[in-house]
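*Asks:* The numbering of the sequence shown is the working numbering, which starts it at 888 and goes up by one. Using N, Cα and C, we set each Cβ at its ideal position, and we do this for glycine too. Sharing a structure, written as structure tokens. Questions coming.
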Amino acid sequence: MPSPASYVREFTRHSSDILANLNELRKRRILTDVTLQVGGCPLQAHKAVLTACR
888 MPSPASYVRE FTRHSSDILA NLNELRKRRI LTDVTLQVGG CPLQAHKAVL
938 TACR
């Protein structure tokens, strides 16, 4: 069984991997269902991700 310290390191990497993959899906316009206007520029997003940021 891994020590608690190694578990934390892996968990930290996992969260950054999830964010990188979500960003890649956003760039490819996969799983985006809303468009935000930010400074006049459109930004594709997913409602579930926006809700999680509340």
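Do R913 and Q931 have their beta-carbon atoms positioned less than 8 Å apart in this structure?
*Replies:* Contact flag set, yes.
*Asks:* Considering only residues of the same chain and omitting the five flanking positions on each side of T922, which have a CB-CB separation below 8 Å?
*Replies:* P929, L930, Q931 and A932, listed in sequence order.
*Asks:* Going by DSSP in three states, T938 sits in which element: helix, strand or coil?
*Replies:* Reduced to three states, the DSSP call for T938 is helix.
*Asks:* Let me check understanding here. Comparing Cα to Cα, which of L906, N908, L937 and S902 lies closest to D920?
*Replies:* The shortest Cα separation from D920 among L906, N908, L937 and S902 belongs to L937.
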